[in-house]
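Participant: The structure follows.
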Amino acid sequence: MGLQLKFIKFSLIVCFLFLRQVYSSLQPIRVHNEEVETAMFPNERLSLDDCHLRYYRYGDSTFVAPVAALPAYLKEFAHMAAIGWTQPDGSISWKCGGSLILENYVLTAAHCTQDNGTAPDVARFGDINIFSDEDDQFAQQLKIVEIIRHPEFKFALSYNDIALLRLEKNVTLHETVSPACLWTEEEEVRFPSLQATGWGDTGFALARTPSLLKVTLKPITNEECSSFYSSANRKLRDGLKASQICAGDERMDTCPGDSGGPLQIKLLHNGRISPFLVGITSFGVACGISTPGVYTRVSAFYKWILDTLQSKENNVHYWSLEPISCALRYVHLREYEDDVITSRKDGWLSIDSSKAHMQKAGRELNHKVEIGWKDGYMRRDNCSGTIIADDTVLTLAECASHFGVPPSHVVINAFQENFEIAEIHVHPQYRENSLYNNIAVLILKDRAVFTDTVKPVCIWHSADIPDPQLEVAAVGRLDINDFYFVNDAFKPTDINLLPRLSVNSPQNCTIPKEFRSRLTRGLASEHLCVGDPLFLIPQTCRLLYGAPMQRRIWRNRRHFQYAYGLNVFGRDCGFGEAAVATRLVSHVDWLKTILLPNIRDGESAVQFINPDWKENDHCDYDYDDTEESSICTHYTRCPKVWDDFKAKRRVTFCSTTNVICCPRIFIQKADSSIQTDELDTCQSVFKQYHQSLPEYRQGFPNIVTIEGESASRCLATLISKRTVVTSASCSSSLSNGPTRAILADNATIPIERTIVHPNYRSNDKANDIALIKLTQDITLNAAVLPACVWMNSTRTPLYLRLINTGNIENSGKQVVPLYNTDCQRDYISKISNGRLCVEDVNLDANNTCYRPGDQLVWIDTVNLGVPHVIGFYSYEERCDQAYPVVFTRISVYVDWIRENI
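Using the numbering used here, the letters of the sequence shown map in sequence onto residues 351 to 1251.
Quick look at the structure:
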């Protein structure tokens, strides 16, 4: 075969590959410049963009991939056969091409089985340059012992132009000599381009090429092709038939000498590329004049090929030539896909298998669920969902009903149990059979327990995708997706997959025709289009509808799975043709109205105004179950409610838009006369004694041990030269009350008196805080210094250290805060605004039982490691089962501390 213009020569090389084991797909990307030590957690949930904080403990901190090595060879033309005629002088005239399809059979054109009345007698493989012996290291040349033409072929016509050549023996399988597979689907070829290869002429009236060449051609319909080939052609008296296919290019086509050679497509599987024969070069007009060539359509003759081989060979079965069977039989001989080849240098290939397009999904899809219907109802078997909270699943609106019947449950694979659906919220603008607003929320009756194998996905809140590559939740056969598949046994079991695709612009997104009727307005901004030009062998990959298009993103030194959208449609998971998802960011405002409490509808600036309430009047705060009374106050004195307003939660204004109804506990006093210098200057005092970053990991200069008369003890924190703060339950637990304080340098000071919060209740630990006054001022030094009191009433540091009696001398155990609303679901008793819930950041923790006086400290590493006391342990209900634990939130009591210090 010869190729007109832009042809490429190849020579054989031997090289080695460095393989990195498939461990996960895309590496996490860094988008945010965050530091976990300074990250702040909102005291109340104001946004859906809080997954990296709310579920911080479920983020991953490592990402690894082992390395191995294997040899490899040039494999692109391993199936290509040169078909020759032995001349009287012993030379061979190579006049046709063919394709090895079994170890001892070549597929070619029927008109190549005779030349001037003489049949070909030899076939050569593994030789790129057939007129030179410089690349003969892997060449194999075998005799042709039988020619089997299609029984309906006639040399006078161009129909049924197909034949099989049986070789004297099997070829020796090698990376450079291995069979091609057959494309068996008889529908119109869906590939936008195909490749033809051969040793033919390089152009009309030009010389034969000694080296194997390839050209990319575009398939065209037979109707279009018929304008080039009239039925008046004596070899096409019935015109072009369905058993023929046309392909061409404006500048390149096949030439004399290409006959019998392959028209092929490379299909992806197992991280490898296998050649599939779509056509056999049959005929054309003079090459190089932009007229498409005509090829025998292989799929039209698949049954004849199979029947013929079964009649000749005992080891050929009905499944032997099926695409998957063929692909796996020779997978170890195939070339690697280009993306895993990281470099070619000095005869070596460097391979990174983590860059393979198709990856087996493990815990990367631990947020995927299956949508189910009750027994006895018609059901969809291809609906999935995405967990975004322990009781919340996102899915497609079309999966929220099937023939009018809503789903009844979801199945979380890791638990293998059903979770009943309590509520279904379908986007109000969704219409049946439409692909617009195709999103729904499922609220579960019971909560899933998050573990290392079941975690939520985060919602990406920007219209911009930070990296063009992403992963798509999918399913497919295990055997044709295993990068390290060895030819031992087929494994047709379905597994979860994470194919890697790239984001397409709307202009580059071609919608398959079967979906266009459901996109009457075309693609909208709510759609995310992805794809890859590679095609897959059949059954390799199927989208999980309602599962996410996703990418891991680093946040505060951990990476979290972020969902960009929910899969809506895409044949072969977006390979070859586009796949499309519903973008989540387009529907965040609607999701907020369902998932966030008291959210304001629309863009209304004010929800409620009560003109009868004046500043300092009592008012009704209706948007929280807080027990505290509420007062009308200027919004600057109530940052908590003002945060609510900015987050579009419902609030009530009093007489003007400057006066807002605020729970008394959140009101900041404006009277400067009660401010205490020591509380406000603690940071500068600490810096004065620590001019460089202190060794705070070796101890905390603010920690004080409080003892009673019988040597019972608990912990407290120094907040001024003469004042210590602890929990009221700590002071009441000591025999006859606190008697002395042991400082961080082991100095002992008697206690003058204890001030317990006047509203402290021992039965439920309400207002569980106390101040302890020492008999004398301490002497400040680097070993003994007050901590700062955390005063922010709307935010709490994410990175907290739990200090208790057993670990005063080290850095403390890391814990993270929870929303009180999340924590309340595990508690019977009421968790008020003056309390703070925390949980162990370690997923393996099995006990979270603490003692009165145990405290939460945040280290301000930006300011020389200044410690801030956040709260004191108050109570728990099931700490032996590692449930969250309740602490007193000290920021709520700042004004009381100022008044009594």
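Cβ coordinates follow ideal geometry from the N, Cα and C atoms, glycine included.
Within the continuous alpha helix (DSSP H) that includes Lys942, where are the two ends?
Facilitator: Where Lys942 is concerned, the enclosing alpha helix (DSSP H) stretches over Val938 to Leu945.
Participant: Would Thr1104 and Ser1081 be called neighbours here (beta carbons separated by less than 8 Å)?
Facilitator: Contact flag set, yes.
Participant: Tell me the DSSP secondary structure of Asn381 in three-state form.
Facilitator: The sequence as given places Val at residue 381; Asn does not occur at that position. In this structure, Val381 counts as coil in the three-state DSSP scheme.
Participant: Taking contact to mean 3 or more Cβ pairs, one atom from each stretch, closer than 8 Å, check whether the region 962-970 and the region 834-854 are in contact.
Facilitator: Flag = no, the region 962-970 and the region 834-854 do not touch.
Participant: Just reading off the beta strand (DSSP E) that Tyr455 is part of, what are its end residues?
Facilitator: Per DSSP, Tyr455 belongs to the beta strand (DSSP E) from Tyr455 to Thr458.
Participant: How is Cys676 classed by DSSP in three states: helix, strand or coil?
Facilitator: Three-state result, Cys676: helix.
Participant: In the DSSP assignment, find the unbroken alpha helix (DSSP H) run with His402 in it and report its ends.
Facilitator: Taken as a continuous stretch (DSSP letters only), the alpha helix (DSSP H) holding His402 covers Cys401 to Arg404.
Participant: Output the boundary residues of the alpha helix (DSSP H) element that contains Ala1078.
Facilitator: Ala1078 to Ser1083 is the extent of the alpha helix (DSSP H) around Ala1078.
Participant: Apart from the five residues just before and just after Thr890, which ones in its own chain have a Cβ nearer than 6 Å to its Cβ?
Facilitator: Cβ within range, chain order: His619, Gly826 and Ile830.
Participant: Could you say which of Asn1196, Thr943 and Val1075 lies nearest to Leu1206 if we only look at CA atoms?
Facilitator: With distances taken between Cα atoms, Leu1206 lies closest to Val1075.
Participant: Looking only at its own chain, which residues have a Cβ that is under 6 Å from the Cβ of Trp992, when we skip the five neighbours before and after it?
Facilitator: So the qualifying residues of the chain are Tyr985.
Participant: Looking at the unbroken alpha helix (DSSP H) that takes in Phe919, where does it start and where does it end?
Facilitator: No alpha helix (DSSP H) holds Phe919; the beta strand (DSSP E) holding it covers Arg908 to Phe919.
Participant: Secondary structure at Phe578, three-state DSSP: helix, strand or coil?
Facilitator: Three-state result, Phe578: coil.
Participant: Check whether the region 504-523 and the region 643-658 touch, using three or more Cβ-Cβ pairs below 8 Å as the test.
Facilitator: Counting Cβ pairs under 8 Å, three or more are found: they touch.
Participant: Going by DSSP in three states, Ala739 sits in which element: helix, strand or coil?
Facilitator: Of the three classes helix, strand and coil, the one that applies to Ala739 here is strand, per DSSP.
Participant: With the cut-off set at 8 Å, would you say Leu586 and Ser508 are in Cβ contact?
Facilitator: Yes, the Cβ-Cβ distance between Leu586 and Ser508 is below 8 Å.
Participant: Near Ile944, which residues of its chain fall below 6 Å by C-beta distance, leaving aside the five closest residues on each side in sequence?
Facilitator: Within the same chain, Ile944 has close Cβ partners His775 and Val791.
Participant: Under a three-way DSSP split, which group does Tyr1046 fall into?
Facilitator: In this prediction, Tyr1046 has a pLDDT of 41, which is less than 50 and means its spatial position is unreliable; what the coordinates show is noted afterwards. Of the three classes helix, strand and coil, the one that applies to Tyr1046 here is helix, per DSSP.
Participant: With a threshold of 8 Å between beta carbons, is Ser576 in contact with chain D?
Facilitator: Note that chain D does not occur in the displayed structure, where there is just one protein chain.
Participant: Three or more C-beta pairs closer than 8 Å, one from the region 1105-1113 and one from the region 1212-1232: is that the case here?
Facilitator: Contact between the region 1105-1113 and the region 1212-1232 is absent, because fewer than three Cβ pairs lie under 8 Å.
Participant: So what does DSSP say about Pro989, is it helix, strand or coil?
Facilitator: Correct three-state label for Pro989: helix.
Participant: To the nearest angstrom, report how far apart Asn1197 and Gln779 are at their CA atoms.
Facilitator: If I take the Cα positions, the gap works out to 47 Å.
Participant: Would you say the beta carbon of Ser580 comes nearer than 7 Å to a heavy atom of the ligand NAP?
Facilitator: This structure simply doesn't include the ligand NAP, nor any ligand for that matter.
Participant: From which residue to which residue does the alpha helix (DSSP H) around Thr658 run?
Facilitator: First-last of the alpha helix (DSSP H) with Thr658: Tyr652 to Lys662.
Participant: Can you pull the DSSP bridge partners for Met899?
Facilitator: Val822 and Gly915.
Participant: With C-beta atoms as the reference, is Pro542 less than 8 Å away from Lys568?
Facilitator: A contact, by the Cβ cut-off of 8 Å.
Participant: Counting pairs of Cβ atoms below 8 Å between the region 814-824 and the region 677-685, do you hit three or more?
Facilitator: The region 814-824 is not in contact with the region 677-685.
Participant: Quick check: the Cα distance between Arg846 and Asp802, rounded to an integer number of angstroms?
Facilitator: The amino acid occupying residue 846 in the given sequence is Asn; Arg does not appear at that position. Cα-Cα distance, rounded: 17 Å.
Participant: What residue range is occupied by the uninterrupted beta strand (DSSP E) comprising Phe633?
Facilitator: From DSSP, the beta strand (DSSP E) with Phe633 extends over Arg622 to Phe633.
Participant: Any chance you could list the beta strand (DSSP E) runs of at least 3 consecutive residues sitting entirely within the region 750-816, in chain order?
Facilitator: Within the region 750-816, the complete beta strand (DSSP E) runs of at least 3 residues are 759-762, 767-776 and 790-794.
Participant: Cβ of Arg407 within 8 Å of Cβ of Val1166?
Facilitator: In this structure, Val1166 lies closer than 8 Å to Arg407 by Cβ.
Participant: What three-state label does DSSP hand Trp1246 in the structure shown?
Facilitator: Trp1246: helix per DSSP, three-state reduction.
Participant: Rounded to whole angstroms, how far is the Cβ of Pro1136 from the Cβ of Cys1064, which I believe are closer than 8 Å?
Facilitator: Actually they do not touch by this definition, with Cβ atoms about 19 Å apart.
Participant: Quick one: grab the DSSP three-state call for Glu535.
Facilitator: Here Glu535 sits in coil by DSSP.
Participant: How far does the alpha helix (DSSP H) with Thr463 in it extend, from its first residue to its last?
Facilitator: First-last for Thr463: undefined, no H or E at that position.
Participant: Does the Cβ of Tyr668 have 16 or more other Cβ atoms within 10 Å, making it buried, or fewer, making it exposed?
Facilitator: When all chains shown are included, Tyr668 counts as exposed.
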